[in-house]
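K.L.:
Chains A and B, in that order, give the protein sequences. First residue of the first sequence? That's 14 in the working numbering, and the numbers climb one at a time after it. First residue of the second sequence? That's 749 in the working numbering, and the numbers climb one at a time after it. To start, I am sharing the structure in question, which I have written as structure tokens.
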Amino acid sequence: MTLRIDPARVEEAAKDLYVRALKMLPPDIKRGFDALVARETDATAQSVLGVMVRNIAVAERTDNLLCQDTGIPIYNVTIGRDVVVDGVALKAAIRKGCERATREYPLRSSVVHPLTRRNEHTSCGEGIPVIHVDFSDGFDGLRIEMIPKGSGSENNSWLRMAVPADGIDAIKRFVIDCVLDAGGKTCPPTIVGVGVGGTADLCVHLAKRAATRPLGTHCADADGAALETELTGAVNMLGVGPQGLGGDATAFAVHVELAATHITMNPVAVNMQCHSARRASAHFTETGVTYGF
Amino acid sequence: MHYDLATPVTEAAVRQLRINDTVTLQKRLFGIRDATQIALFDRGRTTRLDLAGHAVIHTAPNVRKVEPCADHPVGYAPVCIGTTTSMRMERFTHPLMKDLGVRIIIGKGGLGPASLTAFAELGGVYLAIIGGTAALETTWIEAIEDVDLDDLNPESLWQFRIRDFGPLLVAMDSHGGSLYDTVDRAARDRRAAALAALHVAR
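What follows is the structure, given as structure tokens:
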């Protein structure tokens with residue numbers, strides 16, 4: 014049966030998702046905190062993690078935003094089979110919803126023109142919100158995932174076009190050095206997203222996808238998944254700790270996403286997600302719209 | 749050691765603070781950000797607000813416009829007020845202290861060597877707040893008392909009335925101490941061990 018998507022409902026969802034993402038931390042991240050608290054051995058780090066956990070409760074109790082940074086709005090749209098949607102109207106509706114959330118809540122617009130630095134107070138601008146549209150088989154309906162990507166973590170993003178002779182060692186060394194350089198600036202504990210392979214732009218995109226993937230999920234590629242486990246252990250040996258003030262909990266996890274690459278290339282990118290690892294989703298099916306994470 | 753300090757503070761009050769002490773602030777706090785300091789120190793703009801002896805926090809808040817009243821004297825109600833990464837604003841620490849008399853900088857992620865020198869020379873301190881915990885931080889702010897340079901909104905110069913703002917951790921002091929340096933050095937010392945665990949040569 015064919016599912017027709019009404020752009021007006023997409024606009025409402027895009028608006029609701031922005032505010033929802035800013036207020037409610039996904040359950041996998043909360044469980045991530047529980048795991049870090051359980052094994053933290055440093056007293057300062059325990060106290061820092063305690064404040065972070067308390068903040069989640071205060072945000073829920075006071076119905077407030079978790080973090081002041083409303084981020085750069087990103088909408089990831091996944092379209093299944095037998096969905097009829099006007100793509101142009103869909104993108105316009107998402108943009109309108111994002112703008113309305115900003116004006117009506119009101120949210121701080123964190124988006125400016127890159128040269129004039131002018132803020133339109135809409136959270137929108139040239140190319141923003143970022144909207145990715147993809148298609149999936151074996152998937153019912155249409156899903157919109159909203160990610161308000163904070164700048165503290167985003168400002169710590171790197172790409173290195175290593176060469177094949179550098180091998181996997183170059184990838185591992187690069188990740189360790191990025192975590193060291195980031196220190197406390199990324200609001201650790203973080204999810205360290207690592208993109209491996211592809212072209213330069215795809216590699217960075219993969220790193221972002223890895224950084225924003227739910228905790229407890231793994232790279233679909235077995236070698237990529239093994240690399241995740243190895244890197245998570247190594248990164249948490251460094252002692253950067255929550256907020257860069259020392260401790261065991263430097264990262265919730267290292268996530269890897271990969272793509273095939275050229276015979277002459279060995280690209281690696283790192284993008285980080287802060288401890289306020291916010292995201293929200295809306296799933297459109299025949300029975301209506303279901304909100305989740 | 750824990751200190752409860754009402755702003756403005758004296759140089760002596762700041763110089764007694766050492767890394768790992770904790771501080772709770774009372775009374776008044778100013779909010780500044782990248783654009784605020786670019787305007788003040790690169791573009792020659794001035795402010796009518798007096799920051800001498802005061803604390804500033806690296807922030808750009810979420811606010812709601814309301815009719816000015818006793819609770820919201822300049823027509824802004826706080827929605828969500830948090831903290832941004834300090835390091836981008838490293839080069840402004842010296843003029844903030846020298847030109848405007850600021851004594852306390854609150855932020856996240858730490859500042860660098862130029863700030864540490866300024867804290868030692870001029871008598872200042874960096875207090876670490878936990879980044880990303882804005883919902884909690886907002887409960888420590890009673891009102892937005894004043895605002896200047898508001899064409900830069902949300903990066904205006906904000907004046908907050910605060911109550912029990914903290915506890916905050918003294919992370920950089922006026923005696924050359926920096927928790928960030930200590931942690932960074934220790935982490936870089938562990939680099940070789942982390943690489944060995946990954947079977948990577950240095």
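All C-beta atoms in this analysis are idealised placements derived from N, C-alpha and C, irrespective of residue type, glycine included.
Count the other C-beta atoms from every protein chain shown that fall within 10 angstroms of the C-beta of I112/A, then say buried if there are 16 or more, exposed otherwise.
P.N.:
Note on identity: in this sequence residue 112/A is Glu, with Ile being the wrong assignment. With 16 or more other Cβ atoms within 10 Å, it is buried.
K.L.:
Using only CA atoms, which one of G151/A, P177/A and D234/A lies nearest to D95/A?
P.N.:
G151/A
K.L.:
Hey, is M835/B's beta-carbon within less than 9 Å of any beta-carbon in chain A?
P.N.:
yes
K.L.:
CB-CB under 6 Å to W843/B, same chain, minus the five flanking residues each way: which ones, in chain order?
P.N.:
Reading off the sequence shown, one finds Pro at residue 843/B, where the question assumed Trp. So the list reads F789, once near-sequence residues are dropped.
K.L.:
Mind checking who D153/A pairs with in its DSSP beta bridge?
P.N.:
R94/A
K.L.:
How should F148/A be labelled, buried or exposed, when 16 other C-beta atoms within 10 angstroms of its C-beta is the threshold for buried?
P.N.:
exposed
K.L.:
Taking D744/B as the query, report the chain A residues whose CB atoms sit under 7 Å from its CB, ordered along the chain.
P.N.:
Residue 744/B lies beyond the residue range present for chain B, which begins at 749 and ends at 950; the question has no answer from this structure.
K.L.:
May I ask you to verify whether the region 779-787 of chain B touches the region 867-877 of chain B, counting CB pairs closer than 8 Å and requiring at least 3?
P.N.:
no
K.L.:
In whole angstroms, what is the alpha-carbon distance linking A754/B and E893/B?
P.N.:
16 Å
K.L.:
Assuming V207/A contacts V143/A (C-beta within less than 8 Å), just tell me the rounded distance between them.
P.N.:
No, V207/A and V143/A are not in contact; Cβ-Cβ is about 20 Å, not under 8 Å.
K.L.:
Output needed in chain order: residues of the region 797-813 of chain B with a Cβ under 9 Å from some Cβ in chain D.
P.N.:
Absent from the structure: chain D. Protein chains present are A and B.
K.L.:
Measure the CB-CB distance between A247/A and L943/B and report whether it falls below 9 Å.
P.N.:
At the C-beta level, A247/A and L943/B come within 9 Å of one another.
K.L.:
Please report the distance separating the alpha-carbon of V188/A from that of S60/A.
P.N.:
27 Å
K.L.:
Between the C-alpha atoms of Y304/A and I18/A, what's the straight-line distance to the nearest angstrom?
P.N.:
16 Å
K.L.:
Please return the same chain residues whose Cβ sits closer than 7 Å to the Cβ of A882/B, not counting the five positions on each side in sequence.
P.N.:
Closer than 7 Å at the Cβ level, and outside the excluded window around A882/B, lie C828, I829 and G830.
K.L.:
Does H126/A pass the burial test, meaning 16 or more other C-beta atoms within 10 Å, or should it be called exposed?
P.N.:
Answer is exposed; the Cβ neighbour count stays below 16.
K.L.:
Measuring CA to CA, which of A293/A, L240/A, G259/A and A295/A is closest to T57/A?
P.N.:
The shortest Cα separation from T57/A among A293/A, L240/A, G259/A and A295/A belongs to G259/A.
K.L.:
Give the DSSP-derived three-state secondary structure of H145/A in the structure shown.
P.N.:
strand
K.L.:
Output yes if chain B places a C-beta closer than 9 Å to the C-beta of G246/A; else output no.
P.N.:
yes
K.L.:
Any Cβ of chain B within less than 9 Å of the Cβ of D236/A?
P.N.:
no
K.L.:
Decide if C817/B is buried, meaning its Cβ has at least 16 other Cβ atoms within 10 Å, or exposed.
P.N.:
exposed
K.L.:
Touch check for the region 40-57 of chain A and the region 260-279 of chain A: three-plus C-beta pairs under 8 Å?
P.N.:
Yes: the two stretches touch, three or more of their Cβ pairs being nearer than 8 Å.
K.L.:
Report the CB separation of P756/B from H806/B in whole angstroms; it is logged as a contact under 8 Å.
P.N.:
About 19 Å separates the CB atoms of P756/B and H806/B; that is not less than 8 Å, and the two are not in contact.
K.L.:
Starting from F265/A and walking both ways along the alpha helix (DSSP H), at which residues does that stretch end?
P.N.:
Unbroken run through F265/A is the beta strand (DSSP E), A264 to A272; no alpha helix (DSSP H).
K.L.:
Between A808/B and P902/B, how many whole angstroms is the CB-CB distance? I'm expecting something under 8 Å.
P.N.:
4 Å
K.L.:
Report buried or exposed for R812/B, applying the criterion of at least 16 other Cβ atoms within 10 angstroms of its Cβ.
P.N.:
Note on R812/B: under 16 other CB atoms within 10 angstroms of its CB, so exposed under the neighbour-count rule.
K.L.:
Using a cut-off of 8 Å between C-beta atoms, extract the partners of L927/B located in chain A.
P.N.:
L258 and G259
K.L.:
So for P40/A, helix, strand or coil by DSSP?
P.N.:
helix
K.L.:
Using a Cβ-Cβ cut-off of 6 Å (strictly less than) and excluding sequence neighbours within five positions of F913/B, which residues of its own chain qualify?
P.N.:
By the criterion of a C-beta distance shorter than 6 Å, F913/B is surrounded in its chain by L773 and W888, once the five residues flanking it on both sides are discounted.
K.L.:
With a cut-off of 8 Å, do at least 3 Cβ pairs link the region 916-926 of chain B to the region 221-235 of chain A?
P.N.:
no
K.L.:
Is there contact here, the region 273-292 of chain A with the region 213-228 of chain A, by at least three beta-carbon pairs under 8 Å?
P.N.:
yes
K.L.:
Does the separation of the CB atoms of G110/A and K36/A fall below 9 Å?
P.N.:
No.
K.L.:
What number of angstroms, rounded off, separates the C-alpha of T770/B from the C-alpha of S289/A?
P.N.:
24 Å
K.L.:
Listing by chain order, which chain A residues have their CB less than 7 Å from the CB of L916/B?
P.N.:
Ordered by position in chain A, no residue passes the 7 Å Cβ test against L916/B, which lies about 11 Å from the chain.
K.L.:
Mapping DSSP to helix, strand and coil, what is T770/B?
P.N.:
Correct three-state label for T770/B: strand.
K.L.:
Would a check of beta-carbon distances place K856/B closer than 9 Å to chain A?
P.N.:
K856/B counts as touching chain A.
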